[in-house]
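As structure tokens, the structure follows; a few thoughts come after it.
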Amino acid sequence: MKRRDLLKTGLAGLGGVAAATTISAPAIAKERMEINMVATWGRDFPGLGTGAQRFAQRLADMSDGRIVVNYFAANERVKAFDSFDEVASGNAQMYHAAEYYWKGKHPGFAYFTSVPFGLTYTEMNAWIRFGGGQELWDELSAEYGLKGLMCGNTGVQMGGWFRKEINSVDDFKGLKMRMPGLGGDVLAKLGGSPVSLPGGQIYENLVSGAIDATEWVGPWNDSIMKFYEAAKYYYFPGMHEPGAMLAIGMNNEWWKGLSKADQLMIEAASSMENDVMMSEYNAKNGLFLDKLVNEQGVKLREFNDDIYDAFGEAADEVFETVKSHSELANRIHESFVAARTSVGAWAKLSDQAYVRQRNRVLDL
Ligand code: CA
Numbered sequence: 005m006k007r008r009d010l011l012k013t014g015l016a017g018l019g020g021v022a023a024a025t026t027i028s029a030p031a032i033a034k035e036r037m038e039i040n041m042v043a044t045w046g047r048d049f050p051g052l053g054t055g056a057q058r059f060a061q062r063l064a065d066m067s068d069g070r071i072v073v074n075y076f077a078a079n080e081r082v083k084a085f086d087s088f089d090e091v092a093s094g095n096a097q098m099y100h101a102a103e104y105y106w107k108g109k110h111p112g113f114a115y116f117t118s119v120p121f122g123l124t125y126t127e128m129n130a131w132i133r134f135g136g137g138q139e140l141w142d143e144l145s146a147e148y149g150l151k152g153l154m155c156g157n158t159g160v161q162m163g164g165w166f167r168k169e170i171n172s173v174d175d176f177k178g179l180k181m182r183m184p185g186l187g188g189d190v191l192a193k194l195g196g197s198p199v200s201l202p203g204g205q206i207y208e209n210l211v212s213g214a215i216d217a218t219e220w221v222g223p224w225n226d227s228i229m230k231f232y233e234a235a236k237y238y239y240f241p242g243m244h245e246p247g248a249m250l251a252i253g254m255n256n257e258w259w260k261g262l263s264k265a266d267q268l269m270i271e272a273a274s275s276m277e278n279d280v281m282m283s284e285y286n287a288k289n290g291l292f293l294d295k296l297v298n299e300q301g302v303k304l305r306e307f308n309d310d311i312y313d314a315f316g317e318a319a320d321e322v323f324e325t326v327k328s329h330s331e332l333a334n335r336i337h338e339s340f341v342a343a344r345t346s347v348g349a350w351a352k353l354s355d356q357a358y359v360r361q362r363n364r365v366l367d368l
């Protein structure tokens, strides 16, 4: 019997699994692949930078070294905010960033990091994976020659560092504050002056007085930045980034040319980082919050309800502007709102109701 006939018999007689083993037995030479990856984070910056680097290393390890990832932190190949063009143009294959840095290209990108009054980590994952979020993200990214995937999350962010107490909406008037994304637009509606700065430039601007206040991430990251040296009041919770998702953005033509196996490997590595980074933030934020308060004399403050009501009204105005930008921006917004309503209703009587009762009974 010839080999070809044997294979046919195998397919018919032994079932799919055995047949597949027979067919795939000859080793298929896999080509080495090199990926140039740029990032908006400084090298080794805890959480964001180390998470992006961990993803890059994981991808290389998963491929047993067949995929070589040349990782470039901010300014090592291009400036942080030039990452988008570097990948869209095909000069690099991949970036790791927060998509809301590109809201100037299209406001729809903001929704794929976080928007004011937006989604928490678990709500975001539900929207992206099962609520139509990924499909809309793909449609938006494709307009710029890109393909995005979830690759990290910081969770709920703090409201920011202020030199003075914020007791009323009037305290935002004239306030120069580092706040990117649509949160910055909300601040502007309240009379503030939002500034978008990469992480590496915030401290010097805060110390010199070029800005009056800043948000960044949360206790772990913020304590490393030493913002407490220039501003003692640390406000919570941040309305602007309730679950900031990080992302990889890939050159879409390059992505489409990959084998299904390579696409799956990248998806698996980035999905894992989405989870691992969130775990790390949750594990470390509590520890560093304690250090900030007890070792650095940081004063914790909660935004009052009047301020939050004003945030809400301003956010509605910002969203009206976004929706009128384009048909696609409107569809992204409506899809986001639908997810916030339905997933949020479930979160309210599951996670939130449970944690509220647990903490009340145990006095946590
Ligand atoms: Ca932030």
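Residue numbers (my numbering): 5 to 368. All C-beta atoms, glycine included, are put in the ideal place defined by N, C-alpha and C.
Within the same chain, show all residues whose beta-carbon is closer than 6 angstroms to that of residue i, passing over the 5 residues directly before and after it, in chain order.
i: Glu-338; result: none
i: Glu-245; result: Ser-118 and Gln-161
i: Tyr-207; result: Met-229
Quick check: the Cα distance between residue i and residue j, rounded to an integer number of angstroms?
i: Tyr-105; j: Trp-259; result: 22 angstroms
i: Tyr-238; j: Ser-145; result: 35 angstroms
i: Gln-97; j: Leu-332; result: 25 angstroms
i: Gly-213; j: Ile-71; result: 45 angstroms
i: Met-229; j: Gln-300; result: 13 angstroms
i: Ala-60; j: Leu-291; result: 27 angstroms
i: Asp-381; j: Glu-139; result: Because the chain spans 5 through 368 in this model, residue 381 falls outside it and cannot be assessed.
i: Arg-360; j: Met-243; result: 20 angstroms
i: Asn-278; j: Ala-102; result: 13 angstroms
i: Leu-210; j: Thr-218; result: 7 angstroms
i: Ala-248; j: Met-181; result: 18 angstroms
i: Pro-30; j: Ala-251; result: A caution first: Pro-30 carries a pLDDT of 48, below 50, which makes its placement in the model unreliable, though a value can still be read off. Going from the Cα of Pro-30 to the Cα of Ala-251 covers about 37 angstroms.
i: Val-21; j: Arg-133; result: Low confidence applies here, because Val-21 scores a pLDDT of 46, under 50, leaving its location unreliable and the question unanswered by this model.
i: Met-269; j: Leu-353; result: 36 angstroms
i: Gly-261; j: Asp-86; result: 24 angstroms
i: Gly-188; j: Asp-68; result: 43 angstroms
i: Arg-81; j: Gly-178; result: 36 angstroms
i: Arg-167; j: Asn-289; result: 22 angstroms
Below 7 angstroms, is the gap between the Cβ of residue i and the nearest heavy atom of ligand 1?
i: Ala-248; result: yes
i: Phe-299; result: A small correction: the amino acid at residue 299 is Glu; Phe does not occupy that position in the sequence shown. Incorrect: Glu-299 has no Cβ contact closer than 7 angstroms to ligand 1.
i: Gln-61; result: no
i: Trp-220; result: yes
i: Glu-324; result: no
i: Gln-161; result: yes
i: Glu-245; result: yes
Which same chain residues, not among the five before or five after residue i, have their C-beta less than 7 angstroms away from its C-beta?
i: Ala-78; result: Ala-43, Thr-44, Trp-45, Gly-46, Ala-84, Pro-202 and Gly-204
i: Asn-334; result: Lys-327
i: Ala-56; result: Ala-43, Trp-45 and His-100
Just verifying my parser: in three-state terms, what is the DSSP assignment at residue i?
i: Asn-363; result: helix
i: Phe-307; result: coil
i: Met-183; result: coil
i: Met-162; result: coil
i: Leu-18; result: Residue placement at Leu-18 is flagged as unreliable, the pLDDT there being 43, under the threshold of 50; the coordinate-derived value follows with that caveat. Reduced to three states, the DSSP call for Leu-18 is helix.
i: Met-243; result: coil
i: Gln-356; result: helix
i: Lys-121; result: As written in the sequence, residue 121 is Phe, which differs from the Lys given in the question. In this structure, Phe-121 counts as coil in the three-state DSSP scheme.
i: Gly-152; result: strand
i: His-337; result: helix
i: Leu-368; result: coil
i: Gly-94; result: coil
i: Thr-126; result: helix
Please go through the same chain and pick out, in chain order, the residues whose beta-carbon is closer than 8 angstroms to the beta-carbon of residue i, but skip the five residues on each side of it.
i: Leu-296; result: Pro-223, Asp-226, Ser-227, Tyr-232, Tyr-238 and Val-302
i: Lys-109; result: Phe-88 and Tyr-148
i: Ala-273; result: Phe-59, Arg-62, Leu-63 and Met-66
i: Val-190; result: Pro-120, Met-243, His-244, Phe-315, Ala-318, Ala-319 and Val-322
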